[in-house]
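Engineer: Note that my numbering gives residue 561 to position 126 of the sequence shown, counting from 1, and the numbers run on in steps of one. Note that the Cβ used here is the ideal one computed from N, Cα and C, for glycine as well.
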Amino acid sequence: MAKEKIVVYPAVFIKDAETATFTVVFPDVSGAISQADSLGEAMVKAEEVLGLMLYDEPNLPEASSLAEVQRTHPKDTVQWVAVDLVKAAKGVTKPLVKKNTTIPATLAHEASERGINFSAVLTRALKAELGKS
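(1) Under three-state DSSP, which class holds Thr536?
(2) Check each candidate in Ser500, Ala446, Ala555 and Gln505 and name the one with the smallest Cα separation from Ser465.
(3) Roughly how far, in whole angstroms, is the beta-carbon of Asp491 from the beta-carbon of Ala455, given that I think they are within contact range, below 8 Å?
(4) Using the Cα positions of Glu482 and Asp472, report the straight-line distance between them to the nearest angstrom.
(5) So which of Ser554, Glu548 and Val460 has the shortest CA-CA distance to Leu485?
(6) Which partner residues does Tyr444 have in the DSSP bridge list?
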């Protein structure tokens with residue numbers, strides 16, 4: 436696995452005049468939105484939401500130019516946000532389920548003697564069967 440996979444996308448920081456809070460959106464990443472009480476917090480949350488939305492995405496969307504996004508959001512702050520998707524993936528906990536299986540006793544005995552992790556083998560086999568990496 437790669438040590439890092441850094442992606443960069445333009446983000447729009449929209450300040451609410453009444454509440455002085457910030458909403459962050461990524462025009463190129465559908466569903467990537469966050470809110471914060473300050474610009475600094477918005478910048479941190481922007482990186483977090485971008486990572487959560489893209490860490491397991493096999494086909495990353497193309498990033499628009501900063502100028503293009505600024506033209507469509509002339510009253511807002513537009514800036515690049517970078518995130519390391521490898522680091523973001525490490526912070527995600529995927530839910531696990533327990534499954535009981537029935538296998539021949541001889542296979543179970545030999546696998547146990549060799550210290551084979553049954554869950555890891557089943558996970559790899561299911562991914563291969565489903566065509567997932």
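Structural biologist: Looking at the coordinates:
(1) coil
(2) Ala446
(3) Contact flag wrong, Cβ pair sits at about 34 Å.
(4) 16 Å
(5) Val460
(6) Val516
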